[in-house]
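Chemist: The listed protein sequences derive, respectively, from chains A and B. Residues are numbered in this note's numbering as their position in the first sequence, beginning at 1, plus a constant of 128. Residues are numbered in this note's numbering as their position in the second sequence, beginning at 1, plus a constant of 128.
2 protein chains.
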Amino acid sequence: MSRPIQIVEVGPRDGLQNEKAVLEPAIRAELARRLEAAGARRIEAVSFVHPKYVPQMAGAEEVMAALPPEPGRSRIGLVLNGRGYDRAITTAVDEVNISVAATDGFGLKNQGLDRAGQRAMVEAIVARRHNAERGDAAPSLTVTLSCVWGCPFDGEVSVDQVADMVGAYAALGIREIALADTIGAGDPWAVTKKVEAARKAAPDATLRLHFHDTRNTGLANAHAGIEAGVDVLDASVGGIGGCPFAPGATGNIATEDLVYMLERAGFDTGYDLDALIETARWIGEKIGRPAPSALSRAGGWPGVG
Amino acid sequence: MSRPIQIVEVGPRDGLQNEKAVLEPAIRAELARRLEAAGARRIEAVSFVHPKYVPQMAGAEEVMAALPPEPGRSRIGLVLNGRGYDRAITTAVDEVNISVAATDGFGLKNQGLDRAGQRAMVEAIVARRHNAERGDAAPSLTVTLSCVWGCPFDGEVSVDQVADMVGAYAALGIREIALADTIGAGDPWAVTKKVEAARKAAPDATLRLHFHDTRNTGLANAHAGIEAGVDVLDASVGGIGGCPFAPGATGNIATEDLVYMLERAGFDTGYDLDALIETARWIGEKIGRPAPSALSRAGGWPGVG
């Protein structure tokens, strides 16, 4: 068994955005560089959200300027709307990830757009990309669908609702769609069901999974997703971050915990576990609290990573 | 889906035995009573190990005296050898769990017995039980096989080695055999493999799983085990305890985390999640540190538990 699993490192964005500490762009760029040295090939480096709403993400342009393009590496910028895309294409981001919600409630709170409005917003960005606003170097587009396993405003989210949204974004030409358990409310059996429904709705799209460890189900959900055939997962170094809807909870699944589980089972992640753990401890010092990942406390196991 | 999953609560034993705080027998009995009020039907209440080695478990007889027998509830006492069994049968324990190791290295360190010696020790206890030393009320016997997914002294443990041991204990008439990831080194794919091999080696035995969350794989391992057909799992309220071989690591998988994952997916555990979380917080106060479980920090999800 040496099936490769690609991990998209989201610590510099989803992790840091949910930390109290606000880090300078230079530190965030250094985090990205350290993660790349540890093996990250795709990294969500910045968010083009207004700093009034998320001060932790201010200075995305400075972060990107400190990360010169490099073959074989992809730096992702998150956008929530066309204004975010305006900013993204002034930088060297390789990919733009557009975050939308599987529910009206979350979409309205987060972006002021219901589901139909979010689709229209993505459609407009797709059209702009086709017009090649940044020429041949236009960033590729992916979509993350949030609240797939539960919404803090609308509650349960049905399999059909998720499948409908996945089908709609695939129909817009989005080639990779991430299903996100934004508040960490999912369980592995529900992961299997929604991955299967999403694949049926978008058989040609690459599915990606984004889990939060809010209720400790993150790695179980990852296991279920991989067993259901998904090869791309998001994770955050150190498990940093949190959940605005569950104060005291932890953040994304930790990259080093995921790498440990996968490498121990014989999957190929391309990461150096020791370098990851070192980076988790380094960012823990920068944010002023120990990284909550298990591996940064327990250490690995001989021959893994 | 309403498949019942039985959770054996091991917090009063495996949890407390690995905490720095030493609690009086009266508090440990109260913990057992609170857990039973929250839904526990089987509970590892005591260990008949010498208090010189494990002071946290001193006064097992007092704990048991404070727990009068009750129909439908089973209180389990752990023993490591015949001397432990001598003590166990002077109390009202409903079950005796004999802990043995899948490796010579751990068996020698923990009990001064290699694998052959451990089998002989169990065989002698089985013979004594047949002689009905406590009459008709002789406790039932189960075996826990430790280090199934890795040993701190002998390293990797092969599938064949585990299957051999499981087959040997089933041949002694042991009807329930627990496979334990004592140091939390397993991954879910390895769980599937060893569960399948153990079932083949002992098709008539009930398999039980015991996971530690040392490296955050505990719930993923539980998911894999349940998917492989296992219906009985150990868990510890609050996720209390730790790992003597990985200082700073967490303990057993937390009962409330496991209950959340299972009830969310529609399994029936018989537990009241809110009462469990309350008990986790209560024991956190007694041991002087917050319980490390995710649910006791994040809370549940409407309609679960």
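Even glycine gets a Cβ: it sits at the ideal position worked out from N, Cα and C.
By the 8 Å beta-carbon criterion, what residues does the stretch 405-427 of chain A contribute toward chain B?
Modeler: Here the close residues are SER421, ALA422, LEU423, ARG425, ALA426, GLY427.
Chemist: Helix, strand or coil for ASN209 of chain A? Go by DSSP, reduced to three states.
Modeler: Taking the first residue of the first sequence as 1, we reach residue 209 of chain A at position 81. Reduced to three states, the DSSP call for ASN209 of chain A is coil.
Chemist: Within the 8 Å Cβ cut-off, does ASN380 of chain B reach chain A?
Modeler: Indexing the second sequence from 1 puts residue 380 of chain B at position 252. False, the Cβ-Cβ gap to chain A never drops below 8 Å.
Chemist: To be precise: take each residue of the stretch 383-403 of chain A, compare its Cβ to all Cβ atoms of chain B, and keep it if any distance is under 7 Å. Which residues remain?
Modeler: Those residues of the stretch 383-403 of chain A that come within reach of chain B (Cβ to Cβ, closer than 7 Å) are ASP385, TYR388, MET389, ARG392, ALA393.
Chemist: Do ALA419 of chain B and GLY412 of chain B have their beta-carbon atoms positioned less than 8 Å apart in this structure?
Modeler: What you label residue 412 of chain B is simply residue 284 of the second sequence in a count that begins at 1. What you label residue 419 of chain B is simply residue 291 of the second sequence in a count that begins at 1. For GLY412 of chain B and ALA419 of chain B, yes; Cβs fall inside 8 Å.
Chemist: Interface residues of chain B around HIS351 of chain A at Cβ under 7 Å?
Modeler: In the first sequence, residue 351 of chain A corresponds to position 223, counting from 1. Going along chain B in sequence order, the residues near HIS351 of chain A (Cβ under 7 Å) are PRO316, ALA348, HIS351, ALA352.
Chemist: Around the Cβ of HIS340 of chain A, are there at least 16 other Cβ atoms within 10 angstroms (buried) or fewer (exposed)?
Modeler: Within the first sequence, numbered from 1, the residue matching residue 340 of chain A stands at position 212. Answer is buried; the Cβ neighbour count reaches 16.
Chemist: Hey, how far is the Cα of GLY245 of chain B from the Cα of VAL294 of chain A?
Modeler: Counting from one through the second sequence, the residue named residue 245 of chain B turns up at place 117. Counting from one through the first sequence, the residue named residue 294 of chain A turns up at place 166. Answer to the nearest angstrom: the Cα atoms are 59 Å apart.
Chemist: Please name the residue or residues paired with LEU361 of chain A in a DSSP beta bridge.
Modeler: If you number the first sequence from 1, residue 361 of chain A lands on position 233. Per DSSP, A:ILE135, A:LEU337.
Chemist: What whole-angstrom Cβ distance do VAL365 of chain A and THR383 of chain A have, given they're in contact under 8 Å?
Modeler: Position 237 of the first sequence, counted from the start, is the residue given in the question as residue 365 of chain A. Position 255 of the first sequence, counted from the start, is the residue given in the question as residue 383 of chain A. Rounded, the Cβ-Cβ distance is 5 Å, consistent with contact.
Chemist: By Cβ distance below 8 Å, which residues in the same chain neighbour GLN289 of chain B in space, the five residues on each side in sequence not counted?
Modeler: Along the second sequence, one-based indexing puts residue 289 of chain B at 161. Cβ neighbours of GLN289 of chain B beyond the five flanking positions: ALA230, THR231.
Chemist: Within its chain, find whatever has a CB closer than 7 Å to the CB of ALA166 of chain A; leave out the 5 residues flanking it on each side and keep chain order.
Modeler: The residue labelled residue 166 of chain A in the question sits at position 38 within the first sequence. Only TYR399, ASP400, ALA403, LEU404, THR407 meet the Cβ criterion.
Chemist: So that I know if they touch, is there some Cβ in chain B lying closer than 8 Å to that of ARG327 of chain A?
Modeler: For this step, residue 327 of chain A is matched to residue 199 along the first sequence. So, not an interface residue.
Chemist: The ligand MG heavy atoms versus the CB of ASN259 of chain B: any closer than 7 Å?
Modeler: Among the components modelled here there is no ligand, and therefore nothing to report on the ligand MG.
Chemist: Within its chain, find whatever has a CB closer than 7 Å to the CB of ARG437 of chain A; leave out the 5 residues flanking it on each side and keep chain order.
Modeler: A query on residue 437 of chain A cannot be resolved here, the shown segment of chain A reaching from 129 to 433 and no further.
Chemist: Which bits of chain A does GLY278 of chain B rub up against, with CB to CB less than 8 Å?
Modeler: By 1-based counting over the second sequence, the position of residue 278 of chain B is 150. What GLY278 of chain B touches in chain A: TRP429.
Chemist: Go ahead and label THR218 of chain A buried or exposed: buried means 16 or more other beta carbons lie within 10 angstroms of its beta carbon, across all protein chains shown.
Modeler: The count along the first sequence starts at 1 and reaches residue 218 of chain A at position 90. Exposed, by the Cβ-count rule.
Chemist: ALA313 of chain A touches chain B at which residues, Cβ-Cβ below 8 Å?
Modeler: Position 185 of the first sequence, counted from the start, is the residue given in the question as residue 313 of chain A. Result: ARG392, TRP429.
Chemist: Any C-beta of chain B within less than 8 Å: which residues of the stretch 333-345 of chain A qualify?
Modeler: Of all residues in the stretch 333-345 of chain A, ASP341, THR342, ARG343, ASN344, THR345 have a Cβ within less than 8 Å of some Cβ in chain B.
Chemist: If you scan the stretch 215-251 of chain B from start to end, which runs of the beta strand (DSSP E) of 3 or more residues do you find wholly inside it?
Modeler: Whole beta strand (DSSP E) segments, 3+ residues: 223-229.
Chemist: Give me the residue from A:ASP242, A:ILE204, A:ALA265 with the minimum Cα distance to ALA173 of chain A.
Modeler: In the first sequence, residue 173 of chain A corresponds to position 45, counting from 1. Cα-wise, what sits closest to ALA173 of chain A is A:ILE204.
Chemist: In whole angstroms, what is the alpha-carbon distance linking PRO140 of chain A and ILE354 of chain B?
Modeler: Position 12 of the first sequence holds residue 140 of chain A. Position 226 of the second sequence holds residue 354 of chain B. Those two C-alpha atoms are separated by around 35 Å.
Chemist: Taking only beta-carbon positions, decide if GLY233 of chain A is within less than 8 Å of chain B.
Modeler: The count along the first sequence starts at 1 and reaches residue 233 of chain A at position 105. So, not an interface residue.
Chemist: Using three-state DSSP, classify ARG343 of chain B as helix, strand or coil.
Modeler: Counting from one through the second sequence, the residue named residue 343 of chain B turns up at place 215. The answer is coil: DSSP assigns ARG343 of chain B none of H, G, I, E or B.
Chemist: If you drop the 5 nearest sequence neighbours on each side, which residues of the same chain put their C-beta closer than 6 Å to that of GLY314 of chain B?
Modeler: Residue numbering aside, residue 314 of chain B sits at position 186 when the second sequence is read from its first letter. Cβ neighbours of GLY314 of chain B beyond the five flanking positions: TRP277, ASN349.
Chemist: Can you give me the start and stop residues for the beta strand (DSSP E) that THR270 of chain A sits inside?
Modeler: In the first sequence, the residue the question calls residue 270 of chain A occupies position 142. Where THR270 of chain A is concerned, the enclosing beta strand (DSSP E) stretches over 268-274.
Chemist: When you compare each of A:ALA193, A:LYS148, A:CYS279 to ARG161 of chain A by their alpha carbons, which one comes out closest?
Modeler: What you label residue 161 of chain A is simply residue 33 of the first sequence in a count that begins at 1. Checking every option, the nearest Cα to that of ARG161 of chain A belongs to A:ALA193.
Chemist: What's the gap between the Cα of GLY433 of chain A and the Cα of ALA363 of chain A?
Modeler: On the first sequence, residue 433 of chain A is found 305 positions in, with the first residue counted as 1. On the first sequence, residue 363 of chain A is found 235 positions in, with the first residue counted as 1. Residue placement at GLY433 of chain A is poorly supported in this model, since its pLDDT is 44, which falls under 50; the coordinates are not used for a value here.
Chemist: Establish whether the CB of GLY369 of chain A and some CB of chain B are separated by less than 8 Å.
Modeler: Looking up residue 369 of chain A in the first sequence gives position 241. It does not: the Cβ of GLY369 of chain A has no partner Cβ on chain B nearer than 8 Å.
Chemist: At least one CB of chain A closer than 8 Å to the CB of ALA230 of chain B: is that the case?
Modeler: Here residue 230 of chain B refers to the residue found at position 102 when the second sequence is read from its first residue. For ALA230 of chain B, the answer is no, since every Cβ of chain A falls outside 8 Å of its Cβ.
Chemist: Determine the burial state of PRO267 of chain A: buried for a count of at least 16 other Cβ atoms within 10 Å of its Cβ, exposed for fewer.
Modeler: Your numbering for residue 267 of chain A matches position 139 in the first sequence. Buried, since its Cβ has 16 or more Cβ neighbours within 10 Å.
Chemist: Whose Cβ in chain B lies nearer than 7 Å to the Cβ of ALA374 of chain A?
Modeler: Looking up residue 374 of chain A in the first sequence gives position 246. Simply ALA426, GLY427.
Chemist: With a CB to CB cut of under 8 Å and the five nearest residues on each side skipped, what residues in its chain are close to VAL358 of chain B?
Modeler: As a first step, residue 358 of chain B must be located in the second sequence, where it is residue number 230. Closer than 8 Å at the Cβ level, and outside the excluded window around VAL358 of chain B, lie VAL323, LEU335, ARG336, LEU337.
Chemist: Can you list the beta strand (DSSP E) stretches of 3 or more residues lying completely in the stretch 163-211 of chain B, in chain order?
Modeler: You should have 170-175, 202-207.
Chemist: What is the DSSP secondary structure of ALA308 of chain A, counted as helix, strand or coil?
Modeler: For this step, residue 308 of chain A is matched to residue 180 along the first sequence. Strand, per DSSP.
Chemist: In whole angstroms, what separates the C-alpha of GLN145 of chain B from that of ILE311 of chain B?
Modeler: Numbered from its first residue, the second sequence carries residue 145 of chain B at position 17. Numbered from its first residue, the second sequence carries residue 311 of chain B at position 183. Distance between the alpha carbons of GLN145 of chain B and ILE311 of chain B is about 15 Å.
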